[in-house]
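Visitor:
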Amino acid sequence: MKVSILSALTVGLAAGTLAAPTKVERDLPTVTGVLSGIGTKVDALGSAIQAYSGGDVASVQQASDNLVSAINSGNSQVSGTSALSATDALGLPGPVDTLKKKISTVISDLDNKKTLIVDAGKGAQTYNDLTEQKAAAEKLSDTIVSKVPESLQSLAGTVAGGISDAIEAGVKNWSDQASKGDAQPQASPAVETAAAPSAALAAAPKAAPTAAPAAAPKPASNAAPAAAGAAPAGRCVARY
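Read in order, the letters of the sequence shown correspond to residues -19 to -1, 1 to 221 in mature numbering (1 follows the signal peptide of the UniProt record, and there is no 0).
1) What alpha helix (DSSP H) runs, 4 residues minimum, are completely inside the stretch 83 to 116?
2) Is the stretch 39 to 54 touching the stretch 62 to 78 in the sense that three or more CB pairs, one from each, lie closer than 8 Å?
3) To which residues of the same chain is L97 closer than 6 Å at the C-beta, ignoring the five residues directly before and after it?
4) For N93, count the other beta carbons within 10 Å of its own beta carbon; 16 or more makes it buried, fewer makes it exposed. Which is it?
5) Could you tell me how far apart the beta carbons of I144 and V77 are, in whole angstroms, since I believe they sit closer than 8 Å?
6) Please check the pair E159 and Y108, which I expect to be a contact at CB under 8 Å, by giving their CB distance rounded to whole angstroms.
7) How is A64 classed by DSSP in three states: helix, strand or coil?
8) Considering only C-alpha positions, which residue in the set S89, S17, T62 is nearest to V129?
9) Near I88, which residues of its chain fall below 6 Å by C-beta distance, leaving aside the five closest residues on each side in sequence?
10) Of the residues Y33, G18, G20, D146, which one's Cα is nearest the Cα of residue 224?
11) If distances are taken between C-alpha atoms only, which option among A105, S50, D157, A67 comes closest to L136?
12) Looking at I19: is its Cβ nearer than 7 Å to the Cβ of A117?
13) Once the 5 residues before and after K161 are set aside, which same chain residues still bring their CB inside 8 Å of it?
14) Have a look at S50, V140, D110 and flag the residue whose alpha-carbon is nearest the alpha-carbon of D123.
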């Protein structure tokens, strides 16, 4: 008979409480509050994705950025808490599993919009957003596990790691966009057809300019008139 990891963790944590004194639950609300806040941002991202019908992805991008900010902020809050007791840790599996299911639903919705997002030239951006979300979720999971008693950290890690595992499914589905970079939206055939003749004209070799007609030879200038004949011999030029 199979026993789920969630059940195994619950049993393990319950067993741990038998040997540990009860601790006032002052840190568990911080952790569960963080998980709940992240869940709200996941819901907002899901709504933005469902409403997306192509073109500008600004609303989806903003929702993704808000989610990453919430995860990072939550990590800082959990990091500042003291260690959880085994009793406190009993309250983790439920909220973690709820968040994991929300993320899985959003990843599925995102995959359904892949063609529209890729056509908008934002496939690589979406892949980068997913890897950023996964990295932030892994840090949060590690921080949560570090607050659990050492004897239970292995089981707690498996449960808390389910958050980043859910995002990893999206990373894999979008990995084919990793190296493509953001591209301009694809042009419509009509635009491309209209542009073709211009491109052809631009590519055509330019005809050599027609040479200017050779300059007509200038007529030889008239020879200067012959010098007036010399005065007849014996004739006096000067007059007295």
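Built from N, CA and C at the ideal position, the CB exists for glycine as well.
Guide: In short:
1) Qualifying alpha helix (DSSP H) stretches, in chain order: 95 to 100.
2) Touching, no, given that fewer than three Cβ pairs across the two stretches are closer than 8 Å.
3) Within the same chain, and ignoring the five residues on either side of L97 in sequence, the residues whose Cβ sits closer than 6 Å to its Cβ are G35.
4) Residue burial is scored here from C-beta neighbours: N93 has fewer than 16 other C-beta atoms within 10 angstroms and is therefore classed as exposed.
5) The beta-carbon distance between I144 and V77, rounded to whole angstroms, is 7 Å. This is short enough to meet the 8 Å contact definition.
6) Residue 159 is actually Ala in this sequence, not Glu. Sure, about 5 Å apart at Cβ, within 8 Å.
7) In the three-state DSSP reduction, A64 falls in the coil class, being neither helix nor strand.
8) Proximity to V129 across S89, S17, T62 peaks at T62, based on C-alpha coordinates.
9) Contacts found: A150, G151.
10) The requested residue 224 is not part of the displayed model; the chain covers only -19 to 221.
11) The residue with the shortest Cα to Cα distance from L136 is A67.
12) In this structure, I19 sits away from A117, with a CB-CB distance that is not shorter than 7 Å.
13) Same-chain partners within the cutoff: G104, A105.
14) Cα-wise, what sits closest to D123 is V140.
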